[in-house]
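K.L.:
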Amino acid sequence: MKRTEWFKRTFPVIEDNGLLPSIIERLCGTPARVEEIIGTLDTDLLTLKDEGKWSIKEEIGHLGDMEPLWSGRTDDLVHGETELRVADLSNQTTHNADHNSTKTIVLLQRFREQREAFVKKLSALTDEQLEKTALHPRLKTPMRIIDLAYFVAEHDDHHLSRVRVVIDNHVQHH
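So that you can map any letter, position 32 of the sequence shown is 38 in the numbering used here, and since no number is skipped, the others follow by simple counting.
1. What does the Cβ neighbour count give for valine 158, buried or exposed, with the cut at 16 atoms within 10 Å?
2. Measure from the alpha carbon of methionine 72 to the alpha carbon of each residue in Asp133, Asp94 and Met149, then state which is nearest.
3. Do glutamate 65 and valine 171 have their CB atoms nearer than 7 Å?
4. Check whether the region 146-165 touches the region 100-112, counting contact only when three or more Cβ pairs, one atom from each stretch, lie closer than 8 Å.
5. Identify, in the order they occur along the chain, each residue of the same chain with its Cβ nearer than 8 Å to the Cβ of leucine 141, setting aside the five sequence neighbours on each side.
6. To which residues of the same chain is arginine 79 closer than 7 Å at the C-beta, ignoring the five residues directly before and after it?
7. Please report the straight-line C-alpha distance between glycine 86 and threonine 132, rounded to a whole angstrom.
8. Should the region 10-18 be regarded as contacting the region 118-138, the criterion being three or more beta carbon pairs within less than 8 Å?
9. Taking threonine 100 as the reference, which of Val84, Trp60 and Glu137 has the closest Cα?
10. Just to confirm the assignment: which complete beta strand (DSSP E) runs, minimum length 3, are found wholly within the region 49-127?
11. Would you please state the rounded distance, in angstroms, between the beta carbons of lysine 138 and serine 77? I believe it to be under 8 Å.
12. Can you have a look at leucine 26 and say buried or exposed, based on whether 16 or more other CB atoms are within 10 angstroms of its CB?
13. Which runs of the alpha helix (DSSP H) fall wholly inside the region 145-174 and span at least 4 residues, in chain order?
14. Please return the same chain residues whose Cβ sits closer than 6 Å to the Cβ of valine 84, not counting the five positions on each side in sequence.
15. If you draw a straight line from the alpha carbon of threonine 36 to that of phenylalanine 124, how long is it in whole angstroms?
16. Spell out the partners DSSP gives alanine 130 in its beta bridges.
17. Helix, strand or coil: how does DSSP classify leucine 33 here?
18. Using the Cα positions of glycine 45 and valine 112, report the straight-line distance between them to the nearest angstrom.
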């Protein structure tokens with residue numbers, strides 16, 4: 007099955023803030039899903055660079071690397087910025103982090119702690135704060151908190167689906 011590249015994705019504007027609790031639930035569950043997917047995998051598979059792409063550990067590390075951006079963009083919205091802060095589209099943080107040398111348990115715990123802080127921040131927002139809008143710098147579309155939360159959940163799933171591709175490719179060849 008062909009996957010759409012992340013930078014070719016488009017995202018709908020979500021009108022109903024009543025959907026936010028379900029999106030937050032998705033965000034809460036990502037660390038557990040990561041642990042479930044990789045729990046019994048061999049160390050060699052976790053660091054395998056499949057098709058020249060990131061290893062599973064790098065994919066997981068990347069999720070943690072992105073958490074400060076999501077938190078910062080939430081702050082941008084809350085503080086009434088007109089445009090959300092720009093992401094490093096080259097992913098230098100992930101490329102420079104050497105996640106393959108970091109213990110898997112450390113990557114998982116770091117991501118879990120960061121995600122819990124992000125979810126706590128989202129859950130504490132007022133109805134007024136949920137209505138604020140800022141322009142996404144790459145997509146050039148207005149986003150509210152719910153749109154950002156959906157974007158993050160989709161980003162999580164994009165990378166988890168990539169992890170499954172690595173696992174499936176390995177299983178098919180062994």
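Where a beta carbon is used, it is the ideal one built from N, C-alpha and C, also for glycine. Predicted model, so just to flag it, every value in this text is computed and none were measured.
P.N.:
With the structure as the only source:
1. buried
2. Asp94
3. no
4. no
5. Thr88, Glu89, Leu90, Thr147, Pro148 and Met149
6. Leu90, Arg91 and Leu154
7. 14 Å
8. no
9. Trp60
10. none
11. Not quite, the Cβ-Cβ distance comes to about 16 Å (not below 8 Å), so this is no contact.
12. buried
13. none
14. Gln135
15. 12 Å
16. Beta-bridge pairing links alanine 130 to no other residue.
17. helix
18. 13 Å
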